[in-house]
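Q: The numbering used here applies: residue 1 is where the sequence shown begins, and numbers increase by one.
Sharing a structure, written as structure tokens. Questions coming.
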Amino acid sequence: MGTLTIRNVDEPTHDLLRARAARNGRSVEAEVRTILSDTVNAPQQNLLLQLHELLLEELGTAPDSGHHVDIAELEIPERTELPRDLALP
Numbered sequence: 001m002g003t004l005t006i007r008n009v010d011e012p013t014h015d016l017l018r019a020r021a022a023r024n025g026r027s028v029e030a031e032v033r034t035i036l037s038d039t040v041n042a043p044q045q046n047l048l049l050q051l052h053e054l055l056l057e058e059l060g061t062a063p064d065s066g067h068h069v070d071i072a073e074l075e076i077p078e079r080t081e082l083p084r085d086l087a088l089p
């Protein structure tokens with residue numbers, strides 16, 4: 001097993017780790033190992049899927065809401081400006 005040393009942990013964070021470890025019946029070291037393991041082993045969700053879910057929540061159409069918006073229902077605003085060239089740096 002590898003060894004990891006973490007220095008300069010601020011006191012409030014260390015206090016919270018101690019309290020969390022005590023609640024879970026572990027040492028601070030065991031608690032930190034658990035946090036690290038749980039974090040790096042958690043499935044990473046695709047950023048685009050996260051943005052999609054946020055958009056659905058904003059529209060009130062989260063998958064668990066039972067309501068879904070048909071794209072045809074969305075009102076497309078009328079253009080107020082003429083098309084223009086895009087200047088890229």
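Ideal placement from N, C-alpha and C gives every residue a C-beta, glycine not left out.
Can you say whether E31 is buried or exposed, counting buried as having 16 or more other CB atoms within 10 angstroms of its CB?
A: Stepping through the sequence shown from its first residue, residue 31 is reached at position 31. Buried.
Q: Could you say which of R20, A19, G25, L36 lies nearest to I6 if we only look at CA atoms?
A: The sequence position of residue 6 within the sequence shown is 6, counting from 1. Of R20, A19, G25, L36, the residue nearest in Cα terms is L36.
Q: Rounded to a whole number of angstroms, what is the C-alpha to C-alpha distance between E57 and L48?
A: Residue 57 sits at position 57 when you count from the first residue of the sequence shown. Residue 48 sits at position 48 when you count from the first residue of the sequence shown. One C-alpha to the other measures close to 14 Å.
Q: May I ask you to report which of helix, strand or coil DSSP gives D15?
A: By one-based count along the sequence shown, residue 15 stands at place 15. Three-state DSSP puts D15 in a helix.
Q: Note down the Cα distance separating T80 from A87, rounded to an integer number of angstroms.
A: In the sequence shown, residue 80 corresponds to position 80, counting from 1. In the sequence shown, residue 87 corresponds to position 87, counting from 1. Straight through space, the alpha carbons of A87 and T80 are spaced by roughly 20 Å.
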